[in-house]
Amino acid sequence: MESSFDPHALEQSLYREWEQAGYFEPTGNGKPYCIMIPPPNVTGSLHMGHAFQHTLMDTLIRYRRMKGDNALWQAGTDHAGISTQMLVERQLNGRGISKADIGRDAFVEKVWEWKAASGGRISEQMRRMGSSIDWSRERFTMDEGFSRAVREAFVRLYDEGLIYRGRRLVNWDPQLKTAISDLEVESNEEQGSLWHFRYPLADGARTAEGRDFIVVATTRPETMLGDTAVAVHPDDARYSGLVGKRVRLPLTDREIPIIADTYVDPAFGSGCVKITPAHDFNDYAVGQRHDLPMINIFTVDAHINDAAPAAYRGLDRAEARKRVVADLTSVGLIEKIEDHKLMVPRGDRSDAIIEPLLTDQWFVAIDALAKPAIEAVQRGDIEFVPKQYENLYFAWMRDIRDWCISRQQWWGHRIPAWYDAEGTIYVARDEAEVRRKYNLADNVALRAEEDVLETWFSSAMWTFGTLGWPEKTRELEMYHPTDVLVTGHDIIFFWVARMIMMTLHFMGEVPFRKVHITGLVRDAEGQKMSKTRGNGLDPLDVVDGISLTDLITKRTEGLMQPQMAKAIEKATRRDFPDGIPSYGTDALRFAYCAFASTGRDVRFDLKRIEGYRNFCNKLWNATKFVLMNTEGANLSGPAEETLADRWIGSRLRRMLNEAERAIESYRFDLLANVIYDFAWHEYCDWYLELTKPLLWDEGASAEVQRGTRRSLLKVLEMLLRAAHPIIPFITDALWRRVAPLNGIAGETIMVAPYPEAADLTNDPFAEAAIEWLKGVVLAVRTIRGEMNIKPGQTLTLLLQGGGNADRERLTATESLLKRMAKLERVEWLADGDEPPPAAMQIVGELKLMVPLAGLIDVAAERARLEKEIARRRQELARIESKLGNAGFVAKAPADVVAKERERAAEIQNAIDTLTTQQAALESLA
RNA sequence: GGGUGUUUAGCUCAGUUGGUAGAGCGGCAGCCUUACAAGCUGUAGGUCGCAGGUUCGACCCCUGCAACACCCACCA
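Sequential numbering from 1239 applies to the first sequence in this note's numbering.
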């Protein structure tokens, strides 16, 4: 066996083997268990967040599979309408082709071509992470089967009156020229101005102060061209005389009314608000209340249209703003201009400023869907882990508004609607069905709807649409509802909530029983990883390693803001001066699990990956040790179990119980910790060391040696199985060597059963005895360490005091103890015996002494004792003050009080002993 | 303007019904001890954000405050 493990040598071949053997497919036996991967965008590549979540899902799936469940882990990709269209469009543009040139059908064909060529990348990356996905069931949201389900859902909702088409003010992206939903708008504070305009009063009206104009303030000067009223608060005495009067709207030849509406805050600005119902959501509501005309002044790409005065037509909104301000200035109608911070809405894909625009769109009437979705979580049919995310969900669901599902795009599920010459809407699965359903003659000309559905409409159907719905398939019956959804909190609204609504509506059951919300993966400084910041890490670069030069190139190429490249390069050189070494998939996966503590984001720290890589190496070497000591040995025949064997079995039993509790409660961090701690600090640090004396002792009985060898193998084999869900590669590679020696047959650990605590014996005696042994060994090591005694130097250990238990334990462990602490002699002094000058440690009631005999520096030992005494005095003082508190003695439970008294006595005893010892040393010096 | 989360060792984080504060990394000292220097041994380091309260007893429960992070929201 190689002296350290090389992940690359084993990972890819193992994965291929697993996949080819069909181990990822459900066995067909056992209780169904199902996880659906949140489908990543087909345009995407695997990022930290995916790798993190997939690791957790894979851990769950592998665990369930080993537990004997009929486990299905299904994956696929999302057609990601806007992103994909943008990507392919950019590629075409790069070749001098515009999508308008080639037309819709040819463009869509190009997207499919792109998908065939490049869409499988992320799936390959998922394989590298070891994800045991049933690839035979991989789905794409534009697949024919899934598309049929999407059309079916749309038609049913329409027929039930839950989808409608209407002219509404929607968030419009003028760059992409499509509507987007509320959620796709990101508002951020930006610096702007507040312009104060004078609007002249018509018909000789005057304000209370006698002025012939009123002042309105706006952050959007250009929209004044579409104003259809000025509003004041009904109780605002300053303007009460003006309500019902009119103003002459500057730059236009229109007069608009002054209206009263409680929407106006009299304390803000002048207390007068210009109302532009076609370009502002609040103004839209005001306009509806007052039956105002709505003048849309923008084209779909946010240029001024023909509804505005001729002078402004054709200008884009920024130019129009300048022109309006300039023109108002020249006629003296600017009161003032102030700096003003405002929230600017931008499209999450295009980053363009979003324009509220009146357009015809398709909507889902959401209330009827939202109510059962809220109730399902309230009832506990779906549980969020951590629980607090339920509040976030409820808050959003309670204020939810009708969902705009149409997009003016080419790539996506085409809305199954048709129009006749009069514009009447017909909805059905296809045109032939439309004619049947609505009794339309063949000669009635029908025009198909151009719009597509927003991507989240289809992904909301992911759990049931991929299992065959609307057919009642066997898979749907077996695996739905799925067991758990693992995802980030960033898509609770986009996806989780909508899945719950759609699934309840169409299936009458929840899509999943649990939602495990993970934190977001951030960089080591806690910053969000992003392309623009250039602080992202590719999980596969952590797996395979990457040179500094390649990492810089990767981070700086194709930047939206190329001027950032220098700063990114500098930071990269600072953070990764030597690039990133290769850590292997298992180390990364183990780290992800260890990072996954509840409800908090993850700071991705390479030092921790390194730690877990070292852990993998530790496992490797432990296995090497076990194999060296068992391969070729005669393992069959009568065997005897030692105390150490019993101890490690009992400890393993405890570990398995804790591991099970951890994974069942989605505490992957605790799972990783108990495995790490057991493997390293119990199995390697102590058990392997405890076996050495026996294995190397020529005089040890064959039965004892055989028992030890079997125990070494048995515990290691079970440990590997316990760890397999987290670190699948190394555990399988090692298991294949270890299992046969255990008499266990099998191709791979993947299909071996998960180890059961119940198969091991709880052994309190062995645990206590070995704990005692550890205490004594540690005490001797402390003396060695602090007295600077050479590690190789053998010592004499004198014992004094203690009880029957101590004597019993010494008898049980003496030979082990001698070997572990490098003792040539252990001698028990009678209570009255005067010990020679010695360094002392106290373990419980027991005095441990290493005679000085020229080895030990008396002054150093005195100083050490002083420290020991001081520490104990401090603790004693605390306990005594507690015991001196009448309230404590009277009110605390009797066992707590008794325990404190016991401890006080023990500490006092230790102090006495140490003080006596110190005095003895004093006299020596 | 509402809401949520976080605040524990130099750093990153655990701390499961209130009863002796833990780990990893890093630091320091010593070790090539026949699995492992990606290692071994020892060791230092914390008034648990601040101020109150409840309690015999608070990292833990309650109130207030502060800082940081995130989410939602129509203030022109």
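Cβ coordinates follow ideal geometry from the N, Cα and C atoms, glycine included.
Note that the coordinates shown come from a computational prediction; the quantities given were computed from them, not determined experimentally.
- Exclusion of the five residues before and after Gln2155 leaves Met2078 and Leu2103 as the residues of its chain whose Cβ lies within less than 7 Å of its Cβ.
- CA-to-CA, the gap between Glu1763 and Arg1851 works out to about 22 Å.
- Across the structure, Glu1255 and Ser1949 are spaced so that their CA atoms are roughly 30 Å apart.
- Sorting Gln1429, Glu1398, Ile1494 and Gly1430 by C-alpha distance to the C-alpha of Leu1439 places Ile1494 at the top.
- Taking C-beta separations shorter than 8 Å and ignoring five residues to either side along the sequence, the partners of Leu1789 in its chain run Asp1779, Thr1810, Phe1814, Gly1817 and Ile1818, following chain order.
- Taking all protein chains shown into account, His1292 has 16 or more neighbouring C-beta atoms within 10 Å of its C-beta and is therefore buried.
- Counting only runs of 3 or more residues that sit fully inside the segment 1486-1520, the beta strand (DSSP E) segments are 1493-1498 and 1510-1513, in chain order.
- Beyond the five residues adjoining it in sequence on each side, Arg1884 comes within less than 6 Å, by CB distance, of Asp2001 and Ala2004 in the same chain, given in chain order.
- Between Glu1557 and Gly1341, the alpha-carbon positions lie close to 31 Å from each other.
- Closest option to Ile1542, judged by alpha-carbon separation, among His1517, Gly1525 and Val1524: His1517.
- Between Ala2007 and Leu1881, the beta carbon gap of about 6 Å places them in contact (Cβ cut-off 8 Å).
- Between Glu2106 and Leu2152, the C-beta gap is smaller than 8 Å, which places the two residues in contact.
- In the same chain as His1528, and ignoring 5 residues on each side of it, the C-beta atoms closer than 6 Å to its own belong to Ile1497, in chain order.
- Each of Ser1939, Glu1941, Gly1981 and Gly1319 was checked against the Cα of Met1956, and the nearest Cα belongs to Gly1981.
- When the alpha-carbon of Asn1267 is set against those of Asn1308, Ala1289 and Ser1251, the nearest one is in Asn1308.
- Annotation for Ile1299: Ile1273, Ala1309, Trp1311 and Ser1370 place their beta carbon closer than 7 Å to its own, counting only its chain and skipping 5 residues before and after.
- The C-alpha of Val1912 is placed about 38 Å away from the C-alpha of Phe1378.
- Counting C-beta atoms within 10 angstroms of its own C-beta, Thr1500 has fewer than 16 neighbours from the protein chains shown and is therefore classed as exposed.
- Counting every other CB atom within 10 Å of its CB across the protein chains shown gives Met1737 a total of 16 or more, marking it as buried.
- Burial is judged here by how many other beta carbons sit within 10 angstroms of a residue's own beta carbon; Phe1519 has fewer than 16 and is exposed.
- DSSP, reduced to helix, strand and coil, places Gly1618 outside both helices and strands of the structure shown, so it counts as coil.
- Annotation for Ala1608: Met1635, Ile1638 and Met1739 place their beta carbon closer than 7 Å to its own, counting only its chain and skipping 5 residues before and after.
- Counted as a single uninterrupted DSSP element, the stretch harbouring Val1280 is not any beta strand (DSSP E), since DSSP gives it neither H nor E.
- With 16 or more other Cβ atoms inside 10 Å of its own Cβ, Phe1345 counts as buried.
- A straight-line Cα-Cα distance of about 59 Å links His1718 and Leu2048.
- For Pro1777, the number of other beta carbons within 10 angstroms of its own is at least 16, and it is reported as buried.
- Runs of alpha helix (DSSP H) with 4 or more residues, each lying fully within the segment 1831-1902, are found at 1844-1868 and 1881-1902, listed in chain order.
- The straight-line gap separating the alpha-carbon atoms of Met1745 and Phe1702 is approximately 8 Å.
- Judged by DSSP in its simplified three-state form, Ile1360 adopts helix.
- Annotation for Cys1854: Phe1243, Pro1245, Gly1822, Asp1824, Ala1825, Phe1828, Ile1965 and Ile1968 place their beta carbon closer than 8 Å to its own, counting only its chain and skipping 5 residues before and after.
- In the DSSP annotation of this structure, the continuous segment of the beta strand (DSSP E) that includes Ala2076 starts and ends at Ala2076 to Val2081.
- For Pro1515 and Ile1535, the gap between their C-alpha atoms comes out near 11 Å.
- When C-alpha distances from Arg1584 are compared across Leu2067, Thr1265 and Glu1428, the shortest belongs to Glu1428.
- Scanning the segment 1770-1798 for uninterrupted alpha helix (DSSP H) segments of 4 residues or longer gives 1777-1782 and 1786-1794, listed from N- to C-terminal end.
- Boundaries for Thr1946: no beta strand (DSSP E) harbours it, while the alpha helix (DSSP H) harbouring it runs Ala1940 to Ala1961, taken from the DSSP string.
- By the CB criterion at 8 Å, Leu1972 and Gly1887 fall outside the cutoff.
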